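These protein sequence lines are chains A, B and C, in that order. Heads up: the first sequence begins at 14 in the numbering used here, then just goes up one per residue. Heads up: the second sequence begins at 30 in the numbering used here, then just goes up one per residue. Heads up: the third sequence begins at 120 in the numbering used here, then just goes up one per residue.
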Amino acid sequence: MPDINLTIDGHKVTVPAGTLIVEAAKTAGIEIPVFCYHHKLDPVGACRLCLVDFSPGPPRPQTACTTPVAEGMVVRTQSAMAVQARADILEFELVNHPLDCPVCDKGGECPLQDFTFRHGYPTSRIDGPRLHFKKPIPLSENIALDRERCVLCYRCTRYYDEVAWEQELTVGQRGVQSFITSQFDQPLQSVFSGNIIDLCPVGALTSRVWRFESRPWDMAHTESVCSKCAVGCSVTMWERRGQLVRITSRENDDIDEGWICDRGRFDYTDVNDPKRLRTPTIDGARATWSAALAGVAAGIGGKGNKLGISLPADLTNEEAFLFKHLLDGPLRGAKVKMHGRTAIPAPAGPTLRIKEIDDAKVIVIVASDTEQDVPIVNLRVKKAMSKRGAKLIVIHPDGVDLDRNPHTVHIRNEKGSAAAEVRKLASHELLKNPGGLVAILFGDGHGSEDMNELATACGDLAEQVGGKEMPLYRATNERGALALGVAGWDSLDGVTSLLSWGAPPTAGIPSSVRFLVAWDHLPRPEHANAAVVLPATTFAERQGSYTNLEGTVQFLRPPIAVQPPLKEAWEALMEMSVALGLDMDYPGIFPIQRELAALVPALAAVAQPPDPEPAPERVLIGPAHP
Amino acid sequence: MSTLSAHLLDEIKALPARYPQPRSAVMPALDLAQEELGYLTPEAMTEVATALNLDAGYVEGVATFYTLFHLEPIGKHRFYMCTNLSCTLRGAGEIVEHLRGVIGVKEPGEVSSDGLFSYEEVECMGACEYAPMARVDHRYRYDLTPEKIDQLVAERKSSSSPLSPTLSPEGERGKPKPKRVSRKKSG
Amino acid sequence: MAERRGTVGGPVLTEWFGKPDLHTLDVYRSLGGYSAMQKVVTSMTAQQVIDEVKTSGLRGRGGADFPTAMKWSFVPKDHPGPKYIVVNADESEPGSAKDRYLMENSPHMLVEGAAIASFAIGGHHAWIYIRGEYDLPFEMLRDAIAEAHAKGYLGDHPFGTDYPLDVRLYRGHGAYICGEETALLESLEGKRAQPRSRPPFPALKGAWGMPTAVNNVETLSTVPWIMRNGGAEYAKRGTEKAKGTRMVTVSGDIQRPGNYEIEIGITYRDIIEGLAGGALPGRQLKVFWPGGSSAKVLPASMLDTSTDLDGLKALGTMGGSGGIIVMDDSHCVVKAAARLLRFYAFESCGKCTPCRVGGNWAVRTYERILANEGSQLELGILERVSEGLQNGRCLCGLGDAAGWVIESTYRHFRDEYEDHALRHTCNVGKALAHA
């Protein structure tokens, strides 16, 4: 469809057909204030703040957020009516709004403040008692609700309904008595609940983890990626005085579209734990790095298969590369277990990209409860179904949240027989003539399925119906570790030496271990008998890259500088390798990345990290788009 | 331990098929639940939600929006007293005052000590030519006077069975009613 | 003032009212009922029906006054899925009781009209959304529909044709906002009844996402008569542009409150003093709402205003839903306005900011004024709120209506407002003013 030309406040603008006036205005740098409008939610025209005049058009003003542009349209956002209408609406919003700015966490990044300053009346005529509600109300452990501040833009309930397909957050009563509530005052359960904090244009929904922590202008923010699962959503990490104080979403339309799950948003307080390990120890006594690493080398070198190596889910590509050198050299033969990984083998060929789900005509999900396994991919599937007409077939023994949609076809298989069900799918009526791309997402049923069979069945189905597969890895860098050959699957029972890298193995330290080396950021009960404990950096201090489940390499950018005596992971590994006899001397992480890229074509992108000092994003109007 | 009877839950589960989209069943389902229990408890609303494959929060949001869904006990008989303009012009204020005294409550929503009565001041019910008027349970009562109020209350105190017909969402439950007596016309 | 063209022939809607058991199918049929539907489904096309209604000049009687045939023609004929007629039987406008009156006296008239309308838009289902308080009309409609099914007038083969037609019922549960058509559609879909942003309009995306025409009870009840007697016959009544007859409800401080069928074009004096008997003994009429509480008030000095719908619009008010409320000099206008604002604030759905907040702010301001705590500031707030509620600021007409109440009562009865707000007194009537 051809582009549309129109004029907004005298500026000539050209935008694609279907663009809303409020978005078109942004291209000309004109701000039309909005509360209820959000570019990822269906427009409703509820708050009435964006009223503009346009001709040709009806005699009464219309909301810019619900009106698409038309050829030759002339829009006036500064007409007397529009200017007064905006000031009036803002005044209405302030009539019952409490004078909480000094104690409200939103202050400094608050659209209500900013819009009132820029578009509202300079003096107040509000003289009378305001409506009161009990406040604050804990909606969950992580989110607090303040009903007095709420401007009833309904972004939160609309998000829950449209994007997450849940209604545990709802509106009660009607009219001016309306309020946001969680169903029957029960705590919010959804793994997607935290996004309402970013959506809320006022301080009604705030993070309890970050409560009263700092003002926006006191924090430095860094664009990074989340370390909690294989989806690899983009996040913004906020730092103040060397502490990681909050994590918010950051829009990446290729992967997360601006949403993150609660694990990524709230699970960071361990970074600031005062009990963080800072110095190496040998048998519990403080030691230098060189002494500790010498002790490590002595205890794990040349042990063959009596050595176990436990690797974390969020092992970076660079660390994996160094481990590969170790496993090809002094630690050859060791048993390796990457915990948190699925049983899915490395991909056979190119796989589906997350953004391609948008265009799928039929989506097939096998052996995975995506809401728990890969939450943000689950949201993308929901969007494809509800907004783009995709059909969905789920093969899973139990009910999943996608069943909420009455059009979901759910085939309940016996555990272990998923592959057989997939083979039958080629003749399913939805797949006879899909009319476009078929997306085949498959997990491992948390160990209940034979993955070789299932992966083959999915590959065959993809060929038969014109589909592309997406293996649903769960561990953050499972795909990168698989590409580098270190995503081990061995049992660690029977080893006498154990190198535990990252969080301790979920199954615990095997009783056969005599010599334990732990590289961890917090003291653990499992370290009680450790020979050497090395202090680890967390994701907030980590440099490096992850390969997400679709194969995209994404780079971490740490908000917190590594404070000596802490060492970066790659540096500690490099020195450990030297202590074990390898000849290695990397002055920084970039040479590691270049070598890695040369070695593994699938990870060639590791050699092209983006600009280390990107221009900071404007954070004038809140962390998410207003 | 379920709040709603198994029979009622079966009826509710059969509702979605009657509408082009299943969510439309939520209002008639809540109606049936309210009929059985007298008012809607959070447990009842949750059971309705489960029976309709909806989130309980969704059902709560719907139930709190509409004034005919009662979320607190209302006693056996509810007087819905219109106090909008036409009825007030014709003396609804005094009638409500009188009603309060007769049933023994001080404010709207309060249930009388014998558990039989409560009242509510409501908006226009579309019978302005008979002002002042009220809806008592499921019937309109017109041209109210203090004497009529006394009579309406007395009738209900002495009767032990419900005086109003139960309503199904549409025609299936009831047979066509017998011929009705000619209604009072106006004008 | 549009010229009345004289009464031609008798009533239309209330033609058979008064006949015993008119609500039963046998009596209704014996008088000629369902002959229109039979003619339509067995021998006419949908376009012919629309043309006949267009000739009649019928306009919506729910308050919006939109030409009915035009509304039906907006429904796309070639749409592959279902198309719906939704009957707005949510009558909740203060002062209006005509729909209840029509449904209680002749439910079959509405059933027949709804079925014909479905045929006209190429649909097969009409849904009657009836307010929950209307228990008796609901039961009567339920029985009437069952009778029609039993007789073969509704169902898979109405009158032996292959064009299925059905009329279904859906009860509301207490919300004035459901009278707004898109809020009604939301409620029909089982949601909180909040109006939708338009466009898209219901004709394209209505009930359950399908093309829909929402019509008032009285409008559809008129359709059988038009199909029986011809659109031209209907058009002989009324004024040049506002044709036909309509129902009005007259209530308040008058001798004979009731529902009356009038020919459009007579004056309000004809109705209020003629049909409804005029003021109560010893009192003088002061003000009247010409079409429900949402119509801007007119002072008693304007009783000779014509009921012509376009003329009323030119005066800035409207014929609305025909709910005429009359108030005399024993009642205080400020108190009446305050009571109405409480109504609008209570019924506000809460979706859009100006209505939700402005309505409540107005209520609190009226309370201060009536508690003798008022001043020029409060009057300024009322004026501000009234302006902030009108002219496209709100998502639907409920907000505008609240603004009209404030504005019109203030314009015509400024001295009463100033008595309360500035002089802290009420000079209305000799008796205690108790509105």
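Ideal Cβ positions, reconstructed from N, Cα and C, are used throughout, including at glycine. All values reported here derive from a predicted model rather than from experimental measurement.
Member of Ala160/B, Leu181/B, Ser34/B, Ile41/B whose CA lies at the smallest distance from the CA of Cys111/B: Ala160/B
Alpha-carbon to alpha-carbon, Ala269/C and Pro321/C: 32 Å
Helix, strand or coil at Met437/C [DSSP, three-state]: coil
Neighbour list for Phe465/C in chain A, Cβ cutoff strictly below 7 Å: Gly188
8 Å Cβ cutoff met for Ser505/C and Glu526/C: yes
Under 7 Å from the C-beta of Trp480/C: neighbouring residues of chain A: Val108
Partner residues on chain A for Val476/C, Cβ-Cβ distance less than 8 Å: Phe105, Glu106, Val108, Asn109, Val189
Within-8 Å CB hit, Gly90/B to chain A: yes
8 Å contact criterion, which Gly393/C and Met437/C should meet: CB distance rounded: With 8 Å as the limit, Gly393/C and Met437/C do not qualify as a contact, their Cβ atoms being about 22 Å apart.
Given Arg401/A as reference, the closest of Thr383/A, Gln385/A, Val375/A, Val379/A once Cα atoms are compared: Val375/A
For Lys324/C, the residue or residues it bridges with in DSSP: Partner(s): none; Lys324/C has no beta bridge.
For Cys111/B, the three-state DSSP class (helix, strand or coil): strand
Cβ-Cβ distance between Lys190/C and Ala361/C below 8 Å: no
Test: Ser399/A CB closer than 8 Å to a CB of chain B: no
Nearest-angstrom Cα separation, counted from Asp197/C out to Asp372/A: 28 Å
Contact residues within the region 176-187 of chain A, judged by C-beta distance below 7 Å to chain B: Glu179, Gln180, Glu181, Leu182, Thr183, Val184, Gly185, Gln186, Arg187
C-beta atoms of Ile17/A and Val82/A nearer than 8 Å: yes
Residue burial classification, Met587/A (beta-carbon count within 10 angstroms, cutoff 16): buried
Chain-ordered chain A contacts of Tyr87/B [CB-CB under 7 Å]: Gln180, Thr183
Trp523/C: first and last residue of the uninterrupted alpha helix (DSSP H) it sits in: 516-531
Cβ-Cβ separation, Arg315/C to Glu305/C (assumed contact under 8 Å), whole Å: 7 Å
Gln374/C, buried or exposed, once every other Cβ within 10 Å from all chains shown has been counted against 16: exposed
CB-CB length for Ile34/A against Ala77/A, believed under 8 Å: 4 Å
Beta-carbon proximity check, Leu404/C vs Ala419/C, cutoff 8 Å: yes
Strand pairing of Gly274/C, partner residues [DSSP]: Leu284/C
Beta-bridge partners of Gln256/A, as assigned by DSSP: Arg253/A
Unbroken alpha helix (DSSP H) run spanning Pro226/C, endpoints: 226-240
Beta-carbon proximity list for Leu454/A, same chain, < 6 Å, skipping 5 on both sides: Ile378, Met483, Leu485
Best match in Thr301/C, Ile296/C, Asp448/C, Phe257/C for proximity to Arg287/C [C-alpha to C-alpha]: Phe257/C
Inter-stretch contact at 8 Å, needing at least 3 Cβ pairs: the region 456-470 of chain C / the region 419-433 of chain C: no
For His106/B: DSSP bridge partner residues: Phe146/B
At least 3 beta-carbon pairs within less than 8 Å: the region 207-214 of chain A vs the region 272-279 of chain A: yes
Sequence-distant residues of the same chain with beta carbon closer than 6 Å to Arg555/A, five excluded per side: Leu569, Pro571
Integer-rounded CB distance, given that Glu563/A should sit under 8 Å from Leu365/A: 7 Å
Residues that Ile444/C contacts on chain B, provided the C-beta gap is smaller than 9 Å: Leu114, Ser115, Leu118, Cys157
Within 8 Å, strictly: CB atoms of Val182/A and Ser195/A: Per the sequence presented here, residue 182/A reads as Leu, with Val not at that position. Cβ atoms of Leu182/A and Ser195/A: closer than 8 Å.
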